[in-house]
């Protein structure tokens with residue numbers, strides 16, 4: 046009798062509360078790294094920064110962010126999600142706050158480097174949380190929900206941020222964002238627990254385990270660097286890394302040069318920029334959620350992981366390449382429509398972290414995520430510098446937009462030709 050009652054117990058939904066935590070952390074993460082793009086038109090005038098130098102400053106974050114990915118992933122595997130995430134959020138928010146008091150290009154450059162180091166464990170930690178807490182047929186949805194934090198927060202906060210910029214200056218943006226993140230670091234430490242230490246009941250834990258969730262994964266693991274070297278040589282890693290580099294190039298354009306593009310190339314004033322900047326981010330938010338929903342739905346309907354995981358990404362990258370058509374349109378409203386479509390498509394393609402959860406070797410989620418994010422964020426190094434150099438040389442964004450479109454096509458080819466089967470890598 047007691048066994049029948051136990052079997053009838055409904056699973057709790059503690060994992061959705063955990064998902065809300067990492068979605069909030071991701072929102073703050075992207076707010077802190079991208080408000081420089083919003084501040085850039087005003088900041089460049091005050092500090093007399095050229096387009097070429099601004100491209101380097103935009104890129105600086107990604108130098109240390111990319112370089113810190115594998116060490117950050119190793120730290121995550123060694124010390125666990127709770128401590129790693131708390132330290133990461135706390136330090137990146139403190140460095141963001143310090144942006145409000147800088148008075149030189151050197152100071153700004155140095156803080157961007159420090160911000161990259163501090164933020165490096167965030168996405169490997171997100172990936173580990175999803176693989177730990179969610180069954181396989183919910184992972185694309187979970188990845189979509191926390192990834193949408195990158196976009197939807199900026200979409201709805203953009204008008205507020207531009208109003209703050211107009212009334213209180215660019216320094217106010219960094220002050221408020223930094224303080225918000227430091228509060229969240231405390232909230233994370235108080236609220237996050239691993240599945241076995243949480244309020245999740247036995248039914249929810251069983252549901253996660255049956256779906257391939259890694260609730261039994263030890264909190265502390267030492268890194269096998271020889272295995273990491275073998276991982277780097279696998280076809281699957283090269284496929285997802287090259288593909289994510291391409292998707293990130295579109296994202297980086299919107300997070301760095303997009304407000305400047307509207308101000309300089311399209312001659313929009315602050316209020317118009319604040320309004321129009323919302324629309325592509327809303328479109329990207331919808332794209333992220335649609336891509337995750339569609340991928341999980343195909344998986345539940347019996348489609349292979351090759352189809353369910355790869356198809357939304359490939360179609361998204363192909364559609365993102367249509368951004369080049371903005372070069373041939375004069376009407377600003379149509380340009381925003383084209384950019385919104387491209388960013389929607391980039392959102393669809395933002396399922397790469399789900400593939401990390403699916404293919405990472407047992408016990409190497411942190412390192413796999415670190416390698417993946419290192420390659421992905423090379424786009425954060427290359428793309429802003431190339432765009433800045435193009436704008437400085439030509440006085441226009443035409444060839445810069447063309448560059449983004451071509452890279453998106455190459456990313457689609459990487460997922461089609463290089464990735465191969467979506468399955469856990471055995472080393």
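In my numbering, the protein residues as written are 46 to 472. Every residue gets a Cβ at the ideal spot worked out from N, C-alpha and C, and that includes glycine.
With a CB to CB cut of under 6 Å and the five nearest residues on each side skipped, what residues in its chain are close to residue i?
i	result
residue 288	456, 459, 460
residue 104	426, 429, 430
residue 118	169, 411, 412, 414, 415
residue 344	182, 353
residue 397	285, 289
residue 171	67, 191
residue 372	443, 446
Going by beta carbon distance, what residues of the same chain come within less than 7 Å of residue i, once the five residues before and after it are set aside?
i	result
residue 163	133, 136, 137, 140
residue 419	111, 114, 115
residue 264	In this predicted model, residue 264 has a pLDDT of only 48, less than 50, meaning its place in the structure is not dependable; the value taken from the coordinates is given anyway. Within the same chain, residue 264 has close Cβ partners 125, 239.
residue 216	145
residue 445	432, 435, 436
residue 52	Note that residue 52 has pLDDT 48, beneath the 50 cutoff, so the model's placement of it is unreliable and the number below is only indicative. Here the set comprises nothing.
residue 400	285, 354, 467
residue 341	182, 183, 185, 186
residue 64	187, 190, 191
residue 329	196, 388, 389, 391, 392
residue 252	56, 180
Quick one: what does DSSP say residue i is sitting in, helix, strand or coil?
i	result
residue 144	helix
residue 50	Interpretation of residue 50 is limited by its pLDDT of 41, a score under 50 that renders its predicted location unreliable; the figure taken from the coordinates is listed afterwards. In the structure shown, residue 50 sits in a helix (DSSP, three-state: H, G or I).
residue 235	helix
residue 79	helix
residue 467	coil
residue 442	coil
residue 246	coil
residue 107	helix
residue 95	coil
residue 452	helix
residue 149	coil
residue 114	helix
residue 413	helix
residue 429	helix
residue 283	helix
residue 422	coil
residue 264	In this prediction, residue 264 has a pLDDT of 48, which is less than 50 and means its spatial position is unreliable; nothing more can be read from the coordinates.
residue 394	coil
residue 278	coil
residue 55	coil
residue 374	coil
residue 405	coil
residue 100	helix
residue 215	coil
residue 256	coil
residue 125	coil
Let's test the definition: count the other Cβ atoms within 10 Å of the Cβ of residue i and tell me whether it reaches 16, buried, or not, exposed.
i	result
residue 351	exposed
residue 213	exposed
residue 203	buried
residue 274	exposed
residue 95	exposed
residue 462	exposed
residue 453	buried
residue 255	exposed
residue 346	exposed
residue 229	buried
residue 383	buried
residue 205	exposed
residue 176	buried
residue 374	exposed
residue 440	exposed
residue 47	At residue 47, the pLDDT of 42 sits below 50, so the modelled position is not reliable and the matter cannot be decided from this model.
residue 157	buried
residue 241	exposed
residue 394	buried
residue 278	exposed
residue 149	exposed
For residue i, which residues in the same chain have their Cβ closer than 8 Å to its Cβ, ignoring the five residues on either side in sequence?
i	result
residue 313	307, 321, 377
residue 469	403, 404, 405, 406, 407
residue 422	107, 110, 111, 114, 293
residue 33	Residue 33 is absent from the structure shown; the chain starts at 46 and stops at 472.
residue 58	249
residue 234	127, 131
residue 93	none
Q: Within the stretch 153 to 183, note down every full alpha helix (DSSP H) run reaching 4 residues or more, in order along the chain.
A: 167 to 178
Q | Ranges of the beta strand (DSSP E) found wholly within the stretch 287 to 367, counting only runs of at least 3 | A | none
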